[in-house]
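Those protein sequence lines, which keep their order, are chains W and Y. Letter by letter, the first sequence follows residues 21 to 246 in the numbering used here. Letter by letter, the second sequence follows residues 21 to 246 in the numbering used here.
There are 2 protein chains.
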Amino acid sequence: MTAEPGLFEIMYSLRSMRRLKPDPVPDELVWKLLDAAIRAPSGGNTQPWRFLVIRDADTKRFIQERYRRGWDRYVQANLKAAAEAAVPMTEAESAARAKMIGAATHLADHLHEAPVLLLVCMQPRKMDLPPDPESQPPSPAALYASIFPAVQNILLACRAHGLGATLTTLHLLYERTIKTKLGIPDEIDTVALIPIGWPAGKFGPTTRAPVETLTYWDRWGAIRRR
Amino acid sequence: MTAEPGLFEIMYSLRSMRRLKPDPVPDELVWKLLDAAIRAPSGGNTQPWRFLVIRDADTKRFIQERYRRGWDRYVQANLKAAAEAAVPMTEAESAARAKMIGAATHLADHLHEAPVLLLVCMQPRKMDLPPDPESQPPSPAALYASIFPAVQNILLACRAHGLGATLTTLHLLYERTIKTKLGIPDEIDTVALIPIGWPAGKFGPTTRAPVETLTYWDRWGAIRRR
């Protein structure tokens with residue numbers, strides 16, 4: 021790896037790495053990931069991010085037990101429904117999906133074995149705006165716009181340093197319990213749980229629908245040829 | 021600019037570019053930004069992103085009028101309160117803040133002059149999970165985790181191509197009106213509005229609190245020396 025890996029090379033080969041080796045991740049590398057995170061923008065430069073780096077075995081296990089329950093419920097409810105309702109998939113798409121589900125189940129079973137669980141937290145800003153009759157209450161999107169760009173920077177920095185990572189949110193189904201366990205104050209939200217470690221698999225291209233089918237010009241529904 | 025700019029160089033010099041030149045941004049470059057966006061992860065690889073590229077003058081003006089009203093309300097309510105309540109700032113921090121407010125006011129006044137307004141939209145996924153007594157309803161964070169990483173990829177790709185951009189969400193205060201104007205269906209959320217154009221200013225380092233003060237290890241409140 022060169023000292024300065026290319027942006028697009030990193031971005032285009034950034035897969036979720038759900039199979040990780042148990043080898044430790046040094047503190048110095050964790051600091052580098054967080055240094056990258058905080059370069060992201062935030063509304064009014066409020067920098068609402070807070071980070072909890074979890075390496076303690078019991079704590080990881082506590083989180084894994086809940087993550088695993090969340091995953092089971094998720095699989096039962098959504099993946100089957102999605103598979104049944106979805107437009108027919110090609111053989112390649114179907115194989116990619118099966119592979120992803122297998123890897124995600126592996127992650128749910130082995131989450132506590134990841135050398136680092138990075139819990140990304142947020143101190144949300146209170147908004148108390150003067151009224152305007154045409155207006156509506158602020159969407160939660162305005163809050164999360166100030167934290168998930170930092171999360172993406174972490175994933176890109178992991179990839180650049182050769183570390184595997186996956187953006188997960190299933191812990192949110194048990195957020196209250198997990199916050200109590202970790203001593204996290206009420207006013208802090210936990211928004212993402214990122215297992216990080218040296219990847220067992222390889223980085224490479226991802227499966228995505230072409231953007232031409234998802235983009236409109238000037239008005240919803242107006243497509244344009246590329 | 022080289023063909024493959026370095027990830028960390030891009031990430032660390034990515035400022036919000038709120039002063040833009042009126043020179044047009046070619047379609048081909050817009051496609052490249054969106055190609056980068058969709059490399060981001062999304063829950064279950066559902067790829068909920070949809071994009072609306074706005075160049076029509078009347079539509080841009082319609083959005084700018086509402087954005088400007090949102091900005092006025094935001095300044096009234098929040099920035100003054102923040103300045104009064106905040107811990108004392110150094111002269112440099114105070115100057116940086118004043119500069120940002122000046123640039124943000126410029127953006128609110130000139131939003132419609134940006135060659136492209138990119139409205140990032142999302143088709144949210146319905147979650148209907150089997151019950152679990154320890155569990156709680158899914159946080160909205162789980163939804164936005166599947167869209168703002170793509171937004172950060174857009175910002176990074178803009179920077180890599182020499183384009184200026186700013187992640188904004190003030191349009192959300194008038195989302196209903198704007199959706200009606202643009203013909204956006206009810207079930208689609210608009211999550212970010214990114215004015216894009218050739219920057220009048222220069223890219224460079226950003227002002228951030230050091231990560232050491234924002235990071236805990238294993239338990240909330242437990243700091244570690246770097």
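The beta-carbon is built from N, C-alpha and C at its ideal position, and this holds for glycine as well.
Check	Outcome
By the criterion of Cβ-Cβ separation under 8 Å, what are the contact partners of Trp69(W) in chain Y?	Leu234
Of all the options Asp78(W), Gly224(W), Ala165(W) and Trp237(W), which has the alpha carbon lying nearest to the alpha carbon of Glu29(W)?	Gly224(W)
Please state if the CB of Ile83(Y) and the CB of Leu53(Y) are separated by a distance shorter than 8 Å.	no
Here's the rule I'm using: 16 or more other beta-carbon atoms within 10 Å means buried, otherwise exposed. How should Ile243(W) be labelled?	exposed
Mind reading off the beta-carbon distance from Arg70(Y) to Leu234(W)? Whole number of angstroms is fine, and I expect it under 8 Å.	5 Å
For the segment 35-62 of chain W, enumerate the residues whose C-beta is nearer than 8 Å to any C-beta of chain Y, in chain order.	Ser36, Asp47, Trp51, Leu54, Asp55, Ala56, Ala57, Ile58, Arg59, Ala60 and Pro61
Determine the burial state of Ala134(Y): buried for a count of at least 16 other Cβ atoms within 10 Å of its Cβ, exposed for fewer.	buried
Applying the 10 Å Cβ sphere with the 16-neighbour rule, what's the burial state of Asp148(Y)?	exposed
DSSP three-state label for Pro215(W), please.	strand
Write down every uninterrupted run of the alpha helix (DSSP H) in the segment 161-227 of chain Y whose length is 4 residues or greater and which is fully enclosed by it, in chain order.	161-164, 168-180 and 195-202
Just to confirm before moving on: does the CB-CB distance between Ala162(Y) and Thr189(W) stay below 8 Å?	yes
To the nearest angstrom, how far is it from the Cα of Trp51(Y) to the Cα of Val73(Y)?	10 Å
Please specify which runs of the beta strand (DSSP E), each continuous and at least 3 residues long, are wholly inside the segment 26-61 of chain Y, giving them in chain order.	none
Please name the residue in Pro61(W), Thr200(W) and Pro215(W) whose C-alpha comes closest to that of Ile208(W).	Thr200(W)
Is there a Cβ from chain Y that is less than 8 Å from the Cβ of Pro158(W)?	yes
Quick one: what does DSSP say Trp69(W) is sitting in, helix, strand or coil?	strand
Taking the beta carbon of Met21(W) as the centre, do at least 16 other beta carbons fall within 10 Å, making it buried, or is it exposed?	With a pLDDT of only 45 at Met21(W), under 50, the local geometry of the prediction cannot be trusted, and the value read off the model is given with reservation. With fewer than 16 Cβ atoms within 10 Å of its Cβ, Met21(W) is classed as exposed.
Is Ser114(W) buried or exposed, if buried means 16 or more other CB atoms sit within 10 Å of its CB?	exposed
Against Thr79(Y), what residues of chain W qualify as contacts under a CB-to-CB distance less than 9 Å, listed in chain order?	Asp238 and Arg239
What are the residues of the segment 176-203 of chain Y that lie near chain W, defined by any Cβ-Cβ distance shorter than 7 Å?	Leu176, Ala180, Leu187, Thr189, Leu192, Leu193, Tyr194, Glu195, Arg196, Thr197, Leu202 and Gly203
Tell me the residue span of the beta strand (DSSP E) that contains Thr235(W).	Thr235 to Trp237
By the three-class DSSP mapping on this structure, what secondary structure does Ile121(W) have?	helix
With a cut-off of 8 Å, does the C-beta of Ala162(Y) fall near any C-beta of chain W?	yes
When you compare only the Cα positions, how much space is there between Ala170(Y) and Met109(W)?	24 Å
Using a beta-carbon distance below 8 Å, is Val136(Y) in contact with chain W?	no
Three or more C-beta pairs under 8 Å: does that hold for the segment 35-49 of chain Y against the segment 25-40 of chain W?	no
Flag this pair as yes or no: are the beta carbons of Leu183(W) and Gly217(W) separated by less than 8 Å?	yes
Look at the alpha carbon of Trp240(Y) and the alpha carbon of Ile198(W), and state the distance between them as a whole number of angstroms.	11 Å
Residues in the same chain with beta-carbon distance under 6 Å from Tyr236(W), minus the five sequence neighbours each way, listed in chain order, please.	Ala242
Pick out whichever of Trp91(W), Glu111(W) and Gln96(W) has its Cα sitting closest to the Cα of Ala123(W).	Trp91(W)
From the DSSP output, in three-state form, read off Ile83(W) for me.	helix
Using the three-state DSSP reduction, which class does Leu137(Y) fall into: helix, strand or coil?	strand
Nearest by alpha-carbon distance to Glu154(Y): which of Val136(W), Gln156(W), Pro25(W) and His191(W) is it?	His191(W)
Taking all protein chains shown into account, decide if Arg246(Y) is buried (16 or more other Cβ within 10 angstroms of its Cβ) or exposed.	exposed
Cα separation between Ala118(W) and Arg59(Y)?	20 Å
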